[in-house]
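Numbering (the numbering used here), first residue to last: -3 to 85. Glycine included, C-beta positions come from ideal geometry on N, C-alpha and C. Remarks on the structure that follows.
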(Lines of atoms letter the chains of each structure in order from A and count residues from 1; the text may use other names and numbers.)
(Lines give C-alpha, C1' and ligand atoms only; values in the text may rest on other atoms or scores of the structure.)
Protein backbone atom coordinates (compact mmCIF):
# COMPACT_ATOMS: atom_id res chain seq x y z
CA UNK A 1 0.00 0.00 0.00
CA UNK A 2 1.24 3.45 -0.87
CA UNK A 3 -0.18 6.79 0.19
CA UNK A 4 0.30 10.51 -0.25
CA UNK A 5 -0.96 13.62 1.54
CA UNK A 6 -2.57 16.14 -0.77
CA UNK A 7 -4.29 19.50 -0.32
CA UNK A 8 -7.75 19.86 -1.85
CA UNK A 9 -7.32 22.60 -4.41
CA UNK A 10 -10.86 23.73 -5.19
CA UNK A 11 -13.40 25.91 -3.39
CA UNK A 12 -16.09 23.34 -2.58
CA UNK A 13 -13.89 20.44 -1.51
CA UNK A 14 -15.01 16.85 -2.00
CA UNK A 15 -18.72 17.46 -2.39
CA UNK A 16 -21.24 16.51 -5.12
CA UNK A 17 -19.54 16.83 -8.53
CA UNK A 18 -15.94 16.73 -7.29
CA UNK A 19 -16.72 13.59 -5.25
CA UNK A 20 -18.38 11.97 -8.25
CA UNK A 21 -15.41 12.83 -10.47
CA UNK A 22 -12.95 11.42 -7.91
CA UNK A 23 -14.93 8.18 -7.62
CA UNK A 24 -15.26 7.89 -11.41
CA UNK A 25 -11.47 8.12 -11.74
CA UNK A 26 -10.84 5.80 -8.77
CA UNK A 27 -13.07 3.12 -10.31
CA UNK A 28 -10.86 3.01 -13.41
CA UNK A 29 -8.25 1.18 -11.31
CA UNK A 30 -8.34 -2.34 -9.90
CA UNK A 31 -6.50 -1.24 -6.74
CA UNK A 32 -8.37 -0.49 -3.54
CA UNK A 33 -8.49 3.28 -2.97
CA UNK A 34 -8.91 4.95 0.41
CA UNK A 35 -9.12 8.54 1.62
CA UNK A 36 -8.22 9.51 5.18
CA UNK A 37 -9.39 12.79 6.70
CA UNK A 38 -9.52 13.83 10.35
CA UNK A 39 -9.09 10.29 11.62
CA UNK A 40 -11.67 8.72 9.28
CA UNK A 41 -10.78 6.32 6.49
CA UNK A 42 -13.28 5.67 3.72
CA UNK A 43 -13.50 3.74 0.47
CA UNK A 44 -12.43 6.11 -2.31
CA UNK A 45 -14.66 4.29 -4.77
CA UNK A 46 -17.85 5.23 -2.89
CA UNK A 47 -19.53 8.57 -3.67
CA UNK A 48 -21.40 8.48 -0.36
CA UNK A 49 -18.18 7.74 1.51
CA UNK A 50 -16.24 10.55 -0.18
CA UNK A 51 -19.02 13.09 0.36
CA UNK A 52 -19.47 12.00 4.00
CA UNK A 53 -15.93 13.15 4.83
CA UNK A 54 -16.97 16.80 4.66
CA UNK A 55 -13.54 17.83 3.39
CA UNK A 56 -13.37 21.41 2.12
CA UNK A 57 -10.99 23.24 -0.18
CA UNK A 58 -7.61 24.01 1.33
CA UNK A 59 -7.75 21.03 3.68
CA UNK A 60 -5.39 18.08 3.56
CA UNK A 61 -6.39 14.48 2.89
CA UNK A 62 -4.36 11.30 2.52
CA UNK A 63 -5.04 9.14 -0.52
CA UNK A 64 -3.95 5.49 -0.36
CA UNK A 65 -3.91 2.80 -3.01
CA UNK A 66 -3.30 -0.93 -2.67
CA UNK A 67 -3.11 -3.28 -5.65
CA UNK A 68 -1.45 -4.05 -8.93
CA UNK A 69 -1.91 -0.56 -10.38
CA UNK A 70 -1.46 1.36 -7.11
CA UNK A 71 1.29 3.67 -8.38
CA UNK A 72 -0.69 4.84 -11.40
CA UNK A 73 -3.87 5.14 -9.32
CA UNK A 74 -2.19 7.26 -6.66
CA UNK A 75 -0.47 9.43 -9.26
CA UNK A 76 -3.71 10.04 -11.18
CA UNK A 77 -5.88 10.74 -8.13
CA UNK A 78 -3.43 13.05 -6.38
CA UNK A 79 -2.98 14.99 -9.61
CA UNK A 80 -6.76 15.27 -9.96
CA UNK A 81 -7.11 16.74 -6.45
CA UNK A 82 -4.06 19.00 -6.76
CA UNK A 83 -5.31 20.43 -10.06
CA UNK A 84 -8.63 21.40 -8.49
CA UNK A 85 -10.75 18.83 -10.34
CA UNK A 86 -11.03 21.11 -13.35
CA UNK A 87 -13.72 18.94 -14.99
CA UNK A 88 -16.18 19.97 -12.25
CA UNK A 89 -16.88 23.51 -13.42
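With distances taken between CB atoms, is the gap from residue 29 to residue 41 smaller than 8 Å? Yes.
Indicate the three-state DSSP secondary structure (helix, strand or coil) for residue 32 in the structure shown. In this structure, residue 32 counts as strand in the three-state DSSP scheme.
Residue 52, buried or exposed, once every other Cβ within 10 Å from all chains shown has been counted against 16: Its Cβ having fewer than 16 others within 10 Å, residue 52 is exposed.
Suppose the cutoff is 8 Å on Cβ atoms and the five residues either side in sequence are ignored; what does the same chain contact list for residue 6 look like? Cβ neighbours of residue 6 beyond the five flanking positions: 14, 53, 80, 81, 84.
7 Å CB neighbourhood of residue 49 in its chain, flanking five on each side removed: 10, 31, 33, 36, 38.
Span of the beta strand (DSSP E), counted from its first residue to its last, around residue 61: Looking at the DSSP string, the run of the beta strand (DSSP E) that includes residue 61 is 56 to 62.
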